[in-house]
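Residue numbers are given in numbering that gives the first Met the number 0: position 194 of the sequence shown equals residue 193, and the series is strictly consecutive.
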Amino acid sequence: MRIFSGIQPTGRKHLGNYIGAIVQYVEGQHRAAEHGDVGIFCVVDLHAMTVAYDPAEMRARVYDTAAILLAAGLDPERCIFFRQSDVPEHTELAWHLGAITSHGDLNRMHQFKEKSARQRDLVSADLFFYPVLMAADVLAYRAHEVPVGDDQRQHVELMRDLAQRFNARFGDELVVPELLVPATGARIMDLQAPDSKMSTTGGTAEGTVYVLDDAKTVEKKFKRAVTDSDDPPRIVRDPAKPGVTNLIDILAAASGRTHADVEAEMASARGYGDLKLATAAAVNALLDPVRERYAQLRPDEDALEAVLGAGAQKARAIASETLVDVRRVMGVGPRP
Ligand code: TYM
């Protein structure tokens, strides 16, 4: 059972990324190793180039993200951890998959619609092609599972379609991967606007909790979280109560409990203030050690570069084999 996931080096990583995805990577690397396979995790710098970005900042953002993932518990001895642009097989496979992707497939992607609407000057062709590169990321490794947050559902659906289409047309070379979203925390919402997902680019500054925010800032953001005016306050999950539901989800995910446990424990709370404080405390307990390890790891860019470089070699060894098969069945490249 092989696992693959990717994460963008853009901006700072937030609690949604952490709970929705990073926690699953760390768990996935152990689960894959226990099954005699490997978890493969990638900082996707090529995906970050699809919107306006600053070239002078890109490498630093890759190091930031790599240090967060290592601090969270990715172990380069146990998993394969690398930078996407170090493995050119991803872009080659994306081109090949583009041959069986329709313009209509890509036009339907919600994330393209959202992101293109936000671009001020250029909507790049790469932004449109983004889901194909993402499919190539996973299919190049013949991965079985893709741990992601809920917002990546449609992209994973497309990569499954492309793998099936490829296999039907050229022969069974690719693995059709399964989506893996966490039971709790697949969609962490903005604390100030709980109808929208927490997001670095689309969210509110006050409602977005960053992994590297200090403990005081985290507490302040939770204390100010939007709830509702139910009187008496009801600490239950309910679609009509998005703020309270989000806090329950965060508290459950951060403390490794179920929603029901959290609701039962909070039944005796005096008000939403108790829920907010308990959630802030659980989040700080989760992130304190990550921030500490990050502070040790981030300054040593040579060491981070060495980890990513060694990971890229292992990744390439796998992806290049897939590409030999893909080229052969597609009829490109020299005679086998
Ligand atoms: P990215 O970098 O935007 O986000 C990384 C992961 O965080 C999850 N996520 C969330 N989960 C819960 N609540 C939220 N509010 C929230 N916001 C983000 C995302 O679902 C994601 O899992 N396209 C991908 C990167 C990618 C990739 C891949 C993923 C490139 N190639 C191959 C899987 C497989 C992305 O933009 O992630």
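Ideal placement from N, C-alpha and C gives every residue a C-beta, glycine not left out.
- When C-alpha distances from D324 are compared across R223, V174, R119 and R107, the shortest belongs to V174.
- R82 carries a strand assignment under DSSP once its states are collapsed to helix, strand and coil.
- In this structure the segment 54-62 does not lie against the segment 13-29, because fewer than three pairs of beta carbons, one per stretch, are closer than 8 Å.
- Spanning the alpha carbons of N166 and E172 requires a straight line of approximately 6 Å.
- The count of Cβ pairs closer than 8 Å, one atom from the segment 312-324 and one from the segment 120-140, reaches three, so the stretches are in contact.
- Using a cutoff of 7 Å, the CB of S4 counts as near the ligand TYM, since one of the ligand's heavy atoms is closer than that.
- Straight across, the Cα-Cα distance linking A47 with R269 is about 45 Å.
- At a Cβ-Cβ threshold of 8 Å, Q151 and M108 do not count as neighbours.
- A Cβ-Cβ separation of about 6 Å places L96 in contact with A135 under the 8 Å criterion.
- Membership of L286 in the alpha helix (DSSP H) is indicated by the continuous run Y271 to L296.
- About 39 Å separates the Cβ atoms of P231 and L179, ruling out a contact at the 8 Å cut-off.
- Annotation for G38: the continuous beta strand (DSSP E) segment containing it runs G38 to V42.
- A distance of 8 Å or more separates the beta carbons of L190 and A214.
- If you check the C-beta of R186 against the ligand TYM, you find a heavy atom less than 7 Å away.
- At least one heavy atom of the ligand TYM is found less than 7 Å from the C-beta of Q7.
- Along the length of the segment 75-160, whole beta strand (DSSP E) runs at least 3 residues long occupy 79-82 and 144-146, reported in chain order.
- Not one heavy atom of the ligand TYM sits closer than 7 Å to the Cβ of S123.
- At the C-beta level, V210 and K220 stay beyond 8 Å of one another.
- When the alpha-carbon of A192 is set against those of A182, E320 and D227, the nearest one is in D227.
- Annotation: the continuous alpha helix (DSSP H) that includes S254 extends over P241 to S254.
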